[in-house]
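One structure below.
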Amino acid sequence: MGGNATHPEDIEGTSAQQAAMAANTAKSLLPLTSLDNELIITHGNGPVVGKILMRQVLTRDRIAPMPLDICVAHSQGGIAYLLMQAIENSLREISNERHCAVLLTQVEVDKDDPAFDNPTKPIGAFYSEEDAANISKELGWLMREDSGRGWRHVVPSPKPRHICDVSLVQVLARRGTIVIAGGGGGIPVIRKAKGLREGVAAVIDKDMTSAHMANVIGIPVMMILTAVTKVAINFGKPTQRELDHVSLSDIKRYKREGHFPEGSMGPKIEAAIRFIEGGGQRVVICHLDDAQSALVGKTGTHILTDNAFV
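Residue numbering for the sequence shown follows this note's numbering, starting at 662 and increasing by one per position.
Pasting the structure below:
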């Protein structure tokens, strides 16, 4: 799920609002969470971690700021707590005793990943060009325009290499527990000598982490729940066309043709490609509220292996 599932752009972001959004999310997911399945939920954290950073900026003269990896950990724990509580509450309302567990998840990245020299991951609020310039000058933040929606703070987004303690995710999922893990793409760490880990200043793309985790565990279907009902090519043009069922080869061709910008659908499509090339069978991209109907093929965009079209 995207970060906007619990913190849309049009809310102030109070704790009460985030709890209400988590409750709405849990109700949308109830058709999935009440099934007898292996279910792992990952989520974004962009709006929340951005506000954590801004909160630190506003109090920096009185409270020592935390590095970005700890900010990611804070957002991961807070968002997952609200989701866990809301999911279990929604299940109890229908007398379902299924449990939900949260695993604070570290994700190893390569210290030499080129992303550290080219920050591209947008986090936090949108700003006007003038405000972005002022913030960049005052705080030293790198600001970039985000898909015509405004300017945002961008940070490095290295590729995930290893999901730490992924075996625990698998064990819990196989026993029927709903597992919330890899929130915000995971807490970015690097492995040093003797296996020691150390946090780094980055935000890993949640969809890439989800794809990697699903491949390692052997999950056959990955759903990317977002704010659109389907993926479209020629977006915003008179020739715009929504995709229903599309092969891996075709989605890769559409990507090469430039249909999926880096700041919007691009990372989701890249994650879908990696998931299927890594052994996955199907990726479903759909609106959060359509999760159950999309899972059974009634809506959403379904990206499948080439063999599925033979």
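C-beta atoms are modelled at their ideal positions from N, C-alpha and C, and glycine is treated no differently.
Would you list the one or two residues that DSSP bridges to residue i?
i	result
K782	V816
S767	As written in the sequence, residue 767 is Gln, which differs from the Ser given in the question. For Q767, which the question treats as bridged, DSSP gives the partners I848.
H735	For H735, which the question treats as bridged, DSSP gives no partner whatsoever.
H760	Looking at the DSSP assignment, H760 forms no beta bridge with any residue, so it has no partner.
T887	H948
Y788	W812
I894	R902
L965	S908, R943
By how many angstroms is the C-alpha of residue j removed from the C-alpha of residue i?
i	j	result
H948	V733	25 angstroms
P775	P819	7 angstroms
R902	N895	7 angstroms
L764	G958	30 angstroms
D911	T703	27 angstroms
S828	E791	47 angstroms
A834	V840	6 angstroms
A992	V892	Absent from the structure is residue 992, since the part of the chain shown begins at 662 and ends at 971.
E923	T781	9 angstroms
P728	R858	15 angstroms
K772	S756	47 angstroms
L700	E938	21 angstroms
A1057	V830	Here the chain covers residues 662 to 971 and nothing more, so residue 1057 does not appear.
G847	I824	8 angstroms
L744	A687	7 angstroms
L693	S808	32 angstroms
G845	G739	11 angstroms
A684	E806	32 angstroms
Q746	K855	38 angstroms
Q942	A952	17 angstroms
T720	P726	8 angstroms
Q679	A786	16 angstroms
CB-CB under 7 angstroms to residue i, same chain, minus the five flanking residues each way: which ones, in chain order?
i	result
I713	C732, H735, S736
L800	V718
D868	I885, P928, K929, A932
E936	Per the sequence shown, residue 936 should be read as Phe rather than Glu. Here the set comprises A872, A875, N876, M883, V944.
K853	E859
Buried or exposed for residue i, going by 16 or more other Cβ atoms inside 10 Å?
i	result
S871	buried
T962	buried
E758	exposed
L749	It should be noted that the sequence gives Glu, not Leu, for residue 749. It counts as buried.
R813	buried
V832	exposed
A875	buried
E918	exposed
S751	buried
A741	buried
G879	exposed
D967	exposed
A863	buried
What residues in its chain sit with their C-beta under 6 angstroms from that of residue i, if we drop five residues either side in the sequence?
i	result
G663	G705, T887
H760	T838
S954	T960
G707	G664, I784
P669	none
D1042	This structure does not reach residue 1042, given that the chain is present from 662 up to 971, and the question cannot be answered.
F921	G927, I930
Please check if any C-beta of chain B sits within less than 8 angstroms of the C-beta of residue i.
i	result
C732	Judged by its chain identifiers, the structure shown contains no chain B, having just a single protein chain.
Can you list, in chain order, the residues of its chain with a C-beta nearer than 8 angstroms to that of residue i? Leave out the 5 residues immediately preceding and following it.
i	result
D826	L764, T766, Q767
M804	Y788, A793, A794, I796, S797, W812, R813, H814, V815
I724	Q717
L980	A query on residue 980 cannot be resolved here, the shown segment of the chain reaching from 662 to 971 and no further.
V850	D730, Q767, V768, E769, V770, C825, R858, E859, G860, V861
With respect to 7 angstroms, is the separation between the Cβ of residue i and the closest non-hydrogen atom of the ligand ADP below this value?
i	result
K772	Annotation note on the ligand ADP: not contained in the displayed structure, which lists no ligands.
Contained alpha helix (DSSP H) runs [length at least 4] in the stretch 801-881, N- to C-terminal order = 827-835, 867-878
May I have a chain-ordered list of the alpha helix (DSSP H) segments no shorter than 4 residues that lie completely inside the stretch 667-709?
-> With a minimum length of 4 residues, the continuous alpha helix (DSSP H) runs that stay inside the stretch 667-709 are 676-694.
Ordered list of alpha helix (DSSP H) runs contained in the stretch 900-960, each at least 4 residues | Fully enclosed alpha helix (DSSP H) runs of 4 or longer: 909-917, 927-938, 952-956.
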